[in-house]
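Chemist: Dumping the structure here so I can ask a few things about it.
Numbering (the numbering used here), first residue to last: 1 to 138.
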């Protein structure tokens, strides 16, 4: 299994699962919110377990320079996946997010764009996703 192909797919799954769990947790308990569809508690627990495993995978894939795949967009998506997960409070993950933000900041260009050599063919998209990641984690 090649990391360069599985990482983006995993990030999409983690982001979607993170939104599900975050939405369920926002109501206190996922079964009491009258404005949202009822979620089975087992689904929420399974989603939380998936986020924990996915977060562990992401932490293991982060490079020493703070990036994932030396790519601004992938780094931003990984950062948001961690920030939206139950792992966000863990000091190891906060440190990983801090390293990722440092990497993103180092990719800043004179014109304000944020892109790496691997994302230079789409600087606007790269900048938008990078800024979104930075805003999400404050």
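Even for Gly, the Cβ is constructed at its ideal location relative to N, Cα and C.
Just so you know, these numbers come straight off a predicted model, no measurement behind them.
Where DSSP assigns a beta bridge to residue 108, which residues make up the other side?
Modeler: When beta bridges are read from the DSSP output, residue 108 appears opposite 114.
Chemist: Where does the unbroken alpha helix (DSSP H) through residue 81 begin, and where does it stop?
Modeler: 72-83
Chemist: Along the chain, where does the alpha helix (DSSP H) containing residue 123 start, and where does it finish?
Modeler: 123-136
Chemist: In chain order, what residues of the same chain have a beta carbon less than 6 Å from the beta carbon of residue 133, not counting five sequence neighbours either side?
Modeler: 76, 79 and 80
Chemist: What residue does the alpha helix (DSSP H) around residue 53 start on, and which one ends it?
Modeler: 41-61
Chemist: Does the beta-carbon distance from residue 82 to residue 60 come in below 8 Å?
Modeler: no
Chemist: From residue 121 to residue 113, what distance separates their C-alpha atoms?
Modeler: For residue 121 and residue 113, the gap between their C-alpha atoms comes out near 12 Å.
Chemist: Use the C-beta contact count for residue 54: other C-beta atoms within 10 angstroms, 16 or more gives buried, fewer gives exposed.
Modeler: buried
Chemist: Would you check whether the ligand FAD has a heavy atom nearer than 7 Å to the C-beta of residue 44?
Modeler: Looking for the ligand FAD in the displayed structure turns up nothing, as the structure carries no ligands at all.
Chemist: Mapping the DSSP letters down to three states, classify residue 95 as helix, strand or coil.
Modeler: helix
Chemist: Excluding the 5 residues flanking residue 126 on each side, which residues of the same chain have their C-beta closer than 7 Å to its C-beta?
Modeler: 72, 73, 114, 115 and 119
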